[in-house]
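Q: One structure coming up, written as structure tokens, with questions to follow.
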Amino acid sequence: MKDNWWLEVNRFNQSGKKEAVVAFSLPKKDHKLLKDYPGWGNKTIYCRLVKIELPNGESEILRASLTDMEQYPYEDFEELYHYRWNQEEGYKLLKCRVEEFSGKTATAVKQDFYAKIFLMTLAAAYAFPIEEKVREEYHADEQRGHGQKINRTNTLAMTRDILTGVFARKDIRPALEAFDQIVYKTREIIRPNRSVKRKPKPKRQYHMNYKRL
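Here our numbering runs 34 ahead of the position in the sequence shown, where the first position is 1.
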């Protein structure tokens, strides 16, 4: 959370504390959002703010509904934060491919959405044996300094390439063998605690004027 987004976050950031439980209630102008939830309009809501210190000296502030500090200690949040990268990359991978719709109708949007979900699920299923093989090789070779993982973007591209052979020509075995070889050869090295400054890029605009309905 940005410290200028909410006063409570700003106060918490200035306090020097690592965690705190804060209370808030919904402004009157937003009460209409809770019309389907009677009793919540004037109710006080409690949440927990947690500050995570990053290796580069910066800090991230997390907000959670887990207010029990004994059951969910600060160390659990600190460890959990570093597992977020795979989830962020998975969301970005899906979002970037869903945004570019082929039409503007509800049918076109639904069709594109389910097609992308199907493609990502199929790619994950095809790549699972390769992931297991890569992990086993890493654990078997004690001289390797870093683990390895498959390239998700390349895996999706390869899945699209073999779909014709799998579904249209029924050349299932040759298609999957080619998929396995390329995905295995294009794996990446996992470098713990690696941090690369992100380069701001202009957002791509999607022009729908000439797309078919």
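Note that the Cβ used here is the ideal one computed from N, Cα and C, for glycine as well.
I need the boundaries of the beta strand (DSSP E) containing Glu87, first residue and last residue.
A: Taken as a continuous stretch (DSSP letters only), the beta strand (DSSP E) holding Glu87 covers Ile79 to Glu87.
Q: First and last residue of the alpha helix (DSSP H) that includes Glu134?
A: It is not in any alpha helix (DSSP H) - Glu134 carries neither H nor E in the DSSP assignment.
Q: Out of Asp214, Arg207, Asp175 and Tyr172, point me to the one whose CA is closest to Ala191's CA.
A: Out of Asp214, Arg207, Asp175 and Tyr172, Asp214 has the C-alpha closest to the C-alpha of Ala191.
Q: Going by DSSP in three states, Ser49 sits in which element: helix, strand or coil?
A: Residue state, collapsed to three classes: helix.
Q: Would you mind reading off the limits of the alpha helix (DSSP H) that contains Arg203?
A: First-last for Arg203: undefined, no H or E at that position.
Q: Who are the Cβ neighbours of Phe135 in its own chain at under 7 Å, not counting the five residues just before and after it?
A: Cβ within range, chain order: Ala142, Val143 and Asp146.
Q: Considering only the alpha carbon of each residue, which of Lys85, Lys204 and Glu170 lies closest to Phe111?
A: Checked all of Lys85, Lys204 and Glu170; the closest Cα to Phe111 is Lys85.
Q: Please state whether DSSP places Leu96 in a helix, a strand or coil.
A: Leu96: strand per DSSP, three-state reduction.
Q: Along the chain, where does the alpha helix (DSSP H) that runs through Asn185 open and close?
A: Asn185 -> no alpha helix (DSSP H), and no H or E assigned at all.
Q: Looking only at its chain, what residues have a beta carbon closer than 6 Å to the beta carbon of Tyr249, apart from the 5 residues adjacent to it on each side?
A: Lying before the first or after the last residue shown, residue 249 is absent from the chain, which here runs from 35 to 247.
Q: On the criterion of 16 or more Cβ atoms from any shown chain inside 10 Å, does Ala157 qualify as buried, or is it exposed?
A: Looking at its Cβ environment, which holds 16 or more other Cβ atoms inside 10 Å, Ala157 is buried.
Q: Can you give the Cα-Cα distance for Gly50 and Met154, rounded to whole angstroms?
A: If you take the alpha carbons of Gly50 and Met154, they lie about 43 Å apart.
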